Structure formats: structure tokens, C-alpha cells
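Colleague:
2 protein chains.
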Amino acid sequence: MLFKNITIIDENIVQKNNMYVGIEGAEITLIDNKMPEKDFGTVYDGKGKLLMSGFYNAHAHSAMTLMRGYAENLALQEWLEKKIFPFETKLDSNAVYWGTMLAMAESIRFGIVSSTDMYYFCDDMIQAVLEAGCKNNMGRGVTNFTDADLKDLDSFKEMKYTFENYNQAGSGKIKVDMSLHAEYTSNPKTVMQLAEYTKEIGANMHVHVSETKFEHEACKERNKGLTPVAYLNSLGLFETNATAAHCVWIEGEDFQILKEKGITVASNPISNLKLASGVCNVPKLLKNNINVAIGTDSVASNNSLNFIEEIKVFAISSKEKYGDPTAVTPVEAIRAATVGGAIGQGRTDCGKLKVGNKADLIVLDINQPQMKPAHNLINNLVYSASGSDVVLTMADGKVLYENGEYKTIDIEKTMYEAEKAAEGILKQL
Amino acid sequence: MLFKNITIIDENIVQKNNMYVGIEGAEITLIDNKMPEKDFGTVYDGKGKLLMSGFYNAHAHSAMTLMRGYAENLALQEWLEKKIFPFETKLDSNAVYWGTMLAMAESIRFGIVSSTDMYYFCDDMIQAVLEAGCKNNMGRGVTNFTDADLKDLDSFKEMKYTFENYNQAGSGKIKVDMSLHAEYTSNPKTVMQLAEYTKEIGANMHVHVSETKFEHEACKERNKGLTPVAYLNSLGLFETNATAAHCVWIEGEDFQILKEKGITVASNPISNLKLASGVCNVPKLLKNNINVAIGTDSVASNNSLNFIEEIKVFAISSKEKYGDPTAVTPVEAIRAATVGGAIGQGRTDCGKLKVGNKADLIVLDINQPQMKPAHNLINNLVYSASGSDVVLTMADGKVLYENGEYKTIDIEKTMYEAEKAAEGILKQL
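Residue numbers (my numbering), protein chains in the order written: chain A, 1315 to 1743; chain B, 1315 to 1743.
1) Can you round the beta-carbon distance between residue 1533 of chain B and residue 1497 of chain B to whole angstroms, since I take them to be within the 8 Å contact cut?
2) I want to see whether chain B comes within less than 9 Å of residue 1813 of chain A, judged by CB atoms only; does it?
3) Starting from the beta carbon of residue 1445 of chain B, find every residue of chain A whose beta carbon is closer than 8 Å, and list them in chain order.
4) So, at 6 Å on beta carbons, what are the nonlocal neighbours of residue 1725 of chain A in its own chain, with the 5 sequence-adjacent residues on each side left out?
5) Comparing C-alpha positions only, which one of A:1524, A:1580 and A:1518 sits nearest to residue 1374 of chain A?
6) Leaving out five residues on either side along the sequence, give the residues of the same chain with a beta carbon under 6 Å from the beta carbon of residue 1490 of chain B.
7) Quick check on the DSSP output: the beta strand (DSSP E) that includes residue 1346 of chain A runs from which residue to which?
8) Tell me the residue span of the beta strand (DSSP E) that contains residue 1557 of chain B.
9) What does DSSP give as the partner residue(s) for residue 1452 of chain B in the beta ladder?
10) In chain A, what lies closer than 7 Å to residue 1380 of chain B by C-beta?
11) Inspect the beta-carbon positions of residue 1701 of chain A and residue 1424 of chain A and report whether they are closer than 9 Å.
12) Spell out the partners DSSP gives residue 1730 of chain B in its beta bridges.
13) Determine the DSSP secondary structure at residue 1546 of chain A, reduced to helix, strand or coil.
14) Considering only residues of the same chain and omitting the five flanking positions on each side of residue 1344 of chain A, which have a CB-CB separation below 7 Å?
15) With a threshold of 7 Å on Cβ separation, who are the neighbours of residue 1698 of chain A within its own chain once the five nearest residues in sequence on each side are excluded?
16) Does the beta carbon of residue 1425 of chain B sit closer than 9 Å to a beta carbon anywhere in chain A?
17) Report the option in A:1626, A:1470 and A:1409 whose CA atom is closest to the CA atom of residue 1441 of chain A.
18) Does the region 1620-1637 of chain B come within contact of the region 1660-1675 of chain B, defined as at least 3 CB pairs closer than 8 Å?
19) Please tell me whether residue 1622 of chain A and residue 1583 of chain A are closer than 9 Å, where the distance is taken between their beta carbons.
20) Less than 9 Å between CB atoms is the rule here; does residue 1390 of chain B satisfy it with respect to chain A?
21) Kindly say whether residue 1727 of chain A, judged by its beta-carbon, lies nearer than 9 Å to any beta-carbon of chain B.
22) Check the C-beta distance from residue 1519 of chain B over to residue 1550 of chain B and give it rounded, since I have them as a contact under 8 Å.
23) Does the beta carbon of residue 1721 of chain A come closer than 9 Å to any beta carbon on chain B?
24) Within 9 Å of any Cβ in chain B, is that where the Cβ of residue 1654 of chain A sits?
25) For residue 1660 of chain A, which of A:1399, A:1712, A:1414 and A:1486 has the nearest alpha-carbon?
26) Using a beta-carbon distance below 9 Å, is residue 1524 of chain A in contact with chain B?
27) Does the distance from the CB of residue 1691 of chain B to the CB of residue 1329 of chain B come in under 9 Å?
28) Using CA coordinates, which residue listed in B:1653, B:1558 and B:1388 is at the minimum distance from residue 1637 of chain A?
29) State yes or no: is the beta carbon of residue 1627 of chain A nearer than 9 Å to at least one beta carbon in chain B?
30) Under the assumption that residue 1360 of chain A contacts residue 1320 of chain A (Cβ atoms under 8 Å), give the Cβ distance between them as a whole number of angstroms.
31) Using only the alpha-carbon positions, how far apart do residue 1470 of chain B and residue 1571 of chain B sit?
32) Among A:1454, A:1318 and A:1494, which residue has its Cα nearest to the Cα of residue 1357 of chain A?
33) Quick one: does residue 1619 of chain A have its CB under 9 Å from some CB of chain B?
34) Under the DSSP definition of a beta bridge, which residues are partnered with residue 1523 of chain A?
35) What separation, rounded to the nearest whole angstrom, lies between the Cα atoms of residue 1591 of chain A and residue 1585 of chain A?
36) What does DSSP give as the partner residues of residue 1370 of chain A in its beta bridges?
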């Protein structure tokens, strides 16, 4: 496939007009400013279009689309205990499969090519992801409220099973991450044992960190003043490539630890605002050269996977919270949404329009009133584009979505089955 | 026109399924749960669609679309003085006309039927609004840095001319508001004289209030501790129906004054976040039964007119800032976006799906992954919908936009001319 005469955002997040981008198999093999002689097959007319890297959703719980708009206007504990947890006890393979398929449909519609997930029924989720043609770093969050050894925990057994059966599935589209749910849902022994196992198998780590002030302060009380970041680090959890989700309340030495250990911080700006958890200090993270990525968190607390909206809120909420309209530039925001997320997922050949990289690409229709005038398309992309301006989504060189048409997903069936599964659960409650 | 078998959000912001809504001329004349015998002409199949009131944008500077993405990552004063003001000195009739037409195209694409504007070249703006078929409350913000009487000010003369020539134009689609730019760009004599004139002619008032902390505190220093709200009120500015835009830093007695005077507060959440001005205390305004509406502010500081995005940010930014995830419910947010704005505009027969009201309506496509499952469509509308889910926009019973097609605007010409006008100005700078 050849994108012809198209505006691109290049690997340095610089706009270039009238470019030619060639795809062979799963790879980008040509980026040039003139028509190649070589035949790339299908030619895509780039007039009025913008081509860029797809988005990498750095923190998600995909199957929770089933709970979209189900529980609103509740305080966090009430929301979790009266609504979310009871709903989740009724989940089954079928519901999780269709919830995940719905999330994949919404993801590719909004330009997300890959998601870092933490949930359960991981094999059902992976099945949906593979059928949809998306990429995913799947994690089964380990929790432990007992004295049991890691190896005896059901959550660990599921994670191990998932890793052994699905890691690198779909020609590497699927990566299975190790995952600790959080400090407050585990204990030091579990953290240490999981850290050791993760290092041994060389997997990525994915963990919730300092989402709420309560959680952050309670950790310090329980652990001799250690913050979640310091506590988890002291137990060796950050010895592999890791994603720390949220990091709203990190402080002091936390920044130093995150930097030294090369941790990716997945900021979830919309969920954090909506649940009144706070605003991640993205300006300070960037100043400390910490890799920042953007996550949607679950649809139950967002309530969409509209990634362009997420990028805008990522930038503007930081500006207000930290009192600086110059903080978090459009270029920094796009970097976080693309290569920042890919790094967190351990995908070193993704997230940039670069020859040799995987062809995980999106096309936006920029011939629309909200994108005019085009003084600067990078500014317009971050602040003016609508999520639905994405008109083509491609992963590993395969078109998944184009102009409202899903190439891999039966969208009507998916919406019907997801709705039916959600209704079925409600009937049991 | 008859909307057949459609889901609606009714005048009490309650979802009703399988409804029939009939339009005759500019009015809604039927809302029923069964097919009427009467022939309403064109029948619109409501399957998979949601019908509701259009949006009322309570604070805008429409022609500033020309500056979209033109100046980013600057502190407020630098942004204004080095970028916005120099650009504005080069504006002319043609540029303002096309900038406004572009804003109208974007507005109706995102479901806005009416905007409260403050700018200049008001007659050019009104021409574009009328051609587009939109509604507008146009104001020419009065400023005065001299000792001159109100009647001798150019800004006042322009406003008076606009009022006398255009108020109630387009069968009432156009209302001309009186407008004071702000406390810090005028003086007590001007405020008093304008207040008197406004009361005399019975027009609406539109004024910027307490947008930034600096402005708010400087007003108190200048005026014996009086806040902008208290100062303007003491000079009689709030004796007619009025919109106070921003109100980010209001405090103490301000809430009481706004309530007693029946002032509409136009919150501009995205612009306020992006410029790091702060977050309006919407929860407290609502608690005090003050009418709250939602504005986009200008595209130069937003940078779009995506109103569904604005509604979402309106709700979630308040939740975080004021530490309460239960604050600003979806119903309250929809009320602010519709009837709240209409009240501010002095349009008592607008903003609600109600027999006898003006047919200012929008239709959303809800048969999309981001709107499923539909546990609660009002929650989904506020938190999950994409701005582009609007598939039909109607003002005074006339369809302005349907499925990507503009009925009143030559969209290609508008985008071309707006871009050309912006480029022309850049060349002069």
C-alpha cells in the first residue's frame, strides 16, 4: 500500500506536506517526498488527509465497556462496592469477549492500535483482540489479601497460563505483561515474589500507583513513610520495563526513582478528573525526562475511548492544575500518545512514522471546518480535531477500519451481543 | 416534518423512547408516544437516533476561528500582546465574515444552534450568521481607556448602530446585546452610562467577569475591595437579563448578587483550563440556584467548537477541582448546555423539547460503539458521545446540516476563503 501525496507527522513530530509513505507486509518501508518507482499495490490518495502513528493506549480495562454509563454520580467507594464489583462478579467468558470486542471497535474507530490492559478472563480478551487485529499488552492484575505464596494464587496462575499460552501471539501483536493490581491489594511477600518472577521471565510490569490521595497516604502509613513508588521499588518491582498507571499523588523522591528505573507513567486524565482523583503532574514528569504515556482507564470511569479527546484533556488539565499555559506542548502530547505508549509496551519498533517500524498508522480527514485554517496542523490535531476525524486505522500494515467500515469486526453483531451480555448481567443483580 | 419512532430527551431532561415529534414552521407542535394522524410532511426515521434540544453556546468570539492554532504555548499577556492583538488589528470585513461563516459551519456540525457573541465588525458577523441560518446574540464589547462619554465612543456607536439595524433580524434569530468588555477595560462612568442605556432599551447585557485571578484581585485593589461582580452591580450593570462570562474567581457575596439579579454565568471550561485561568465553581453556582450555561470562548483559546466535548469537560473539571465526583450531574450538564444558555440569551421559547417552543433541534446517531451499551443515554450523551455524532441540526424548524451535508453553507468555499483571509493577514504581520 502506498499513501500518496499526504501530509504526515514524522518521527520527530514534525509536519511534512506532500509525502509518500509505502507499506510492505507489516512494515513501513518508504517515507519520501517524491513518488517512488516501485509498485506498492493499492494507492491511497492523501489529498486533505493527515497520516501519523496510531495511538497507544497505556492503561485500559477493555471489557469494562459493558459498564458504560451504568453507575454515575457516586463517590469512589460506593461506585466500586455497590455497582462495579457486584457487576464484575457476574462476568463470564462470553460477556468479557463481547465487551472487549466492543472496546476494540471503539478503539480502532478513534485511532488506538494497541492497549495496555489489566483485567481477567484474559484468554477471552486476547481472542477478541486478535480477531479485531489490534495489539495488546494483556495483564492479569495479581491481588492477595492472604498469606498465600504467589504460586498458589489464582490470579497468578491465570497470569502465568496466559503468558505461557499467548505471549507473542499474533506475530507479536499480543504481549502478556506481569501485573500487580496495586500496593493496597497485595502484601510485601507477593510483591517480592512477583517482582522476582517478572525479572526471571523478562516480561513487562503493569501496576496501579498513587491514583488517589487516600491510597497514597495509607501506603505511607502502612509502610514507614514509603510512598507506593518507593515501596514497590524497594521490593524490586521496577527491575523490568514497567508501566505505573495514574501517579497522581507521587512526590519527592518518586520522580527520581521513576527516572532511574526508566518507568513509563500512564496518565489517565479524564478518569482522574471524573472520579475527582486529581491531576497527574505531567509537566514535572516531562521536566525530569520520565517517559509519559496516555491511558483511557476503563470506560466505566471515562466513559469513552475517544483518544483525541483524551490527548486534549491531558494537555489542558495539566496547564490549569500546575498554573502554566505553556506546560505540555502539542508535540509533547502527541509524543505521549504515540511513542510514549509504545515504549511502555516494550514495542521499540512502534509509535513513530519511520522506515523499518511497524505500520501502525492512522489517517485523519483534515478537510473539515474544525481543522481550518491550518496555521499549524500539530496544534490543530491536539486541540481542534474531533475523535471521529480518524478515517483509517491500520495495525501491522493491515487496514482495520476505513470510513465507517470495520474490516475485521462485525460491528452490528458486536453492539448487539455486548448490549445483550450487559443486560444479562443486570438481570442477575 | 415528523420525527418518527425516535428516542428523545424531553423538556425535563428525561429519556423517552419511541416518540413522535412534529414540526410546523419554526415550532414544535407535537410530542407524543404514538403516530399522529395529521400529515407533517417529511418523515424522519428515528431508528438508532436521539433527538434533543440544540446547544446554546453562551460565550463566543466567533470570527476568531481565523486564529485557530495560530499561537500556542504562550503565557496570557504574551499570547494577547504578541499574537492575538496584532492579528486583530489587521482584520477587515471580509476576514470577519468568512471567519464567522467558518464558525457557523463548525457550530452546526457540532450541534450549536445559537451563540452569544462579543466581537466587532458586528454587521459582517450578523450577515454570516443569517446566511448560515443560525441564531446569535451579538454584542460589541464596549471599552474605554479615556474620559470620554459613552455616546462618543466608537465601540458604543457601533453597538448602537448594530442594535438599531439588526435587533430581531431574521424573525428574531438575531438579538443584539449590549456588552461591556470588562471592568479592567472601562471605567465607572462608562459602566454607569452603559447600564442606564441598556436598561432603557431593555436589551441583554454580556460582560467578561473574573476570568483570571490577576484581573479579579486588581479590580478589588482599584475599587475599595469590590470584586468585579460587586463593582459592576454597584454601578447598575445587572438590572437587565445578563450573562457574566467566566466567573472563575468569584467569591463570597458574588454568589448572592448573581442569584438575586438572576444573572446567567457562562462557564468556559476548556478555554479556562487551556489558558490556566482556573475552574469555575459550577457546583456552588448550582447549589445557589444560579443559572449556569456553557460557552466555548474563542477558538483561539479552545481550539474548537466541539460542544459535546465542552459539556464533558464542564462536568469532569468541576468534579476534580471541587473534590466531589458526584458534583455536576449529566442532567445538570445537559440543562446548562441547552435551556441554561437559552435563558442567558433571553430566548424563553428555546432550549427545551416542548410543544410551542422553537424547533431548535439536533439528532445524534446512537447506533455506534461509543454509545453502547445504552444503560443510560443521558450519561452516554455527556460522557461517551463524540462531537461528530451529531447528524442533523435544525434551527427554527429549518434543517441546516444533515449527515455531513451543509444546507445553507458552501463549506468548501468557506474553508477556502477563511484560510485565504487568515493567510492574507499573516502576510501583513
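Every residue gets a Cβ at the ideal spot worked out from N, C-alpha and C, and that includes glycine.
Note that the structure is predicted; figures quoted are calculated from it, not measured.
Modeller: Looking at the atomic coordinates:
1) Within the second sequence, residue 1533 of chain B is the residue found at index 219, counting from 1. Within the second sequence, residue 1497 of chain B is the residue found at index 183, counting from 1. Their Cβ separation, rounded to whole angstroms, is 5 Å, which keeps residue 1533 of chain B and residue 1497 of chain B in contact under 8 Å.
2) Here chain A has residues from 1315 to 1743 only, and residue 1813 of chain A is not among them.
3) To locate residue 1445 of chain B, count along the second sequence from 1; it is residue 131. Those do not exist, as residue 1445 of chain B stays about 15 Å from chain A at its closest Cβ, beyond 8 Å.
4) The sequence position of residue 1725 of chain A within the first sequence is 411, counting from 1. Only 1419 meet the Cβ criterion.
5) Taking the first sequence and counting its residues from 1, the one referred to as residue 1374 of chain A is at position 60. Among A:1524, A:1580 and A:1518, the Cα nearest to that of residue 1374 of chain A belongs to A:1580.
6) Within the second sequence, numbered from 1, the residue matching residue 1490 of chain B stands at position 176. If we look at residue 1490 of chain B and ignore the five residues flanking it on each side, its Cβ neighbours are 1452, 1476, 1477, 1480 and 1481.
7) For the purposes of this step, residue 1346 of chain A is taken as the residue at position 32 of the first sequence. Run containing residue 1346 of chain A: 1341-1346, per the beta strand (DSSP E) assignment.
8) The sequence position of residue 1557 of chain B within the second sequence is 243, counting from 1. First-last of the beta strand (DSSP E) with residue 1557 of chain B: 1556-1560.
9) Within the second sequence, the letter at position 138 stands for residue 1452 of chain B. DSSP lists B:1431 and B:1490 as partners of residue 1452 of chain B.
10) Along the second sequence, one-based indexing puts residue 1380 of chain B at 66. The answer, in chain order, is 1687.
11) Stepping through the first sequence from its first residue, residue 1701 of chain A is reached at position 387. Stepping through the first sequence from its first residue, residue 1424 of chain A is reached at position 110. Yes. Within cutoff.
12) In the second sequence, the residue the question calls residue 1730 of chain B occupies position 416. None; residue 1730 of chain B has no bridge partner.
13) Looking up residue 1546 of chain A in the first sequence gives position 232. Of the three classes helix, strand and coil, the one that applies to residue 1546 of chain A here is helix, per DSSP.
14) For the purposes of this step, residue 1344 of chain A is taken as the residue at position 30 of the first sequence. Excluding residues within five positions, the ones whose Cβ falls inside 7 Å are 1334, 1335, 1336, 1350 and 1669.
15) Sequence index remark: in the first sequence, residue 1698 of chain A carries index 384 (1-based). If we look at residue 1698 of chain A and ignore the five residues flanking it on each side, its Cβ neighbours are 1684 and 1685.
16) Within the second sequence, the letter at position 111 stands for residue 1425 of chain B. Not one chain A Cβ lies under 9 Å of residue 1425 of chain B.
17) Translated into the one-based positions of the first sequence, residue 1441 of chain A becomes position 127. The shortest Cα separation from residue 1441 of chain A among A:1626, A:1470 and A:1409 belongs to A:1409.
18) no
19) Residue mapping note: residue 1622 of chain A aligns to position 308 of the first sequence, counting from 1. Residue mapping note: residue 1583 of chain A aligns to position 269 of the first sequence, counting from 1. The answer is no: Cβ separation not under 9 Å.
20) On the second sequence, residue 1390 of chain B is found 76 positions in, with the first residue counted as 1. By this cut-off, residue 1390 of chain B is an interface position.
21) Along the first sequence, read from residue 1 onward, the residue named residue 1727 of chain A stands at position 413. Residue 1727 of chain A does not count as touching chain B.
22) Here residue 1519 of chain B is taken as the residue at index 205 of the second sequence, counted from 1. Here residue 1550 of chain B is taken as the residue at index 236 of the second sequence, counted from 1. 10 Å between Cβ atoms; not a contact.
23) Taking the first residue of the first sequence as 1, we reach residue 1721 of chain A at position 407. By this cut-off, residue 1721 of chain A is not an interface position.
24) Within the first sequence, residue 1654 of chain A is the residue found at index 340, counting from 1. Closer than 9 Å: no.
25) For this step, residue 1660 of chain A is matched to residue 346 along the first sequence. If we check each option's Cα against that of residue 1660 of chain A, A:1486 comes out closest.
26) By one-based count along the first sequence, residue 1524 of chain A stands at place 210. No, no contact with chain B.
27) Translated into the one-based positions of the second sequence, residue 1691 of chain B becomes position 377. Translated into the one-based positions of the second sequence, residue 1329 of chain B becomes position 15. Yes.
28) Sequence index remark: in the first sequence, residue 1637 of chain A carries index 323 (1-based). Measuring from the Cα of residue 1637 of chain A, the nearest candidate turns out to be B:1388.
29) As a first step, residue 1627 of chain A must be located in the first sequence, where it is residue number 313. It does: the Cβ of residue 1627 of chain A has a partner Cβ on chain B nearer than 9 Å.
30) On the first sequence, position 46 is the one that residue 1360 of chain A refers to. On the first sequence, position 6 is the one that residue 1320 of chain A refers to. So it is a contact: roughly 2 Å between Cβ atoms.
31) Indexing the second sequence from 1 puts residue 1470 of chain B at position 156. Indexing the second sequence from 1 puts residue 1571 of chain B at position 257. Cα to Cα, the separation comes out at about 26 Å.
32) Indexing the first sequence from 1 puts residue 1357 of chain A at position 43. Of the candidates A:1454, A:1318 and A:1494, the one whose C-alpha sits nearest the C-alpha of residue 1357 of chain A is A:1318.
33) By 1-based counting over the first sequence, the position of residue 1619 of chain A is 305. Yes, its Cβ sits closer than 9 Å to a Cβ of chain B.
34) Here residue 1523 of chain A refers to the residue found at position 209 of the first sequence. Answer by DSSP bridge pairing, in chain order: A:1560.
35) Position 277 of the first sequence, counted from the first residue, corresponds to residue 1591 of chain A. Position 271 of the first sequence, counted from the first residue, corresponds to residue 1585 of chain A. Each residue's alpha carbon lies about 8 Å from the other.
36) Mapped onto the first sequence, residue 1370 of chain A falls at position 56. In the DSSP output, where bridge partners are listed per residue, residue 1370 of chain A has A:1428.
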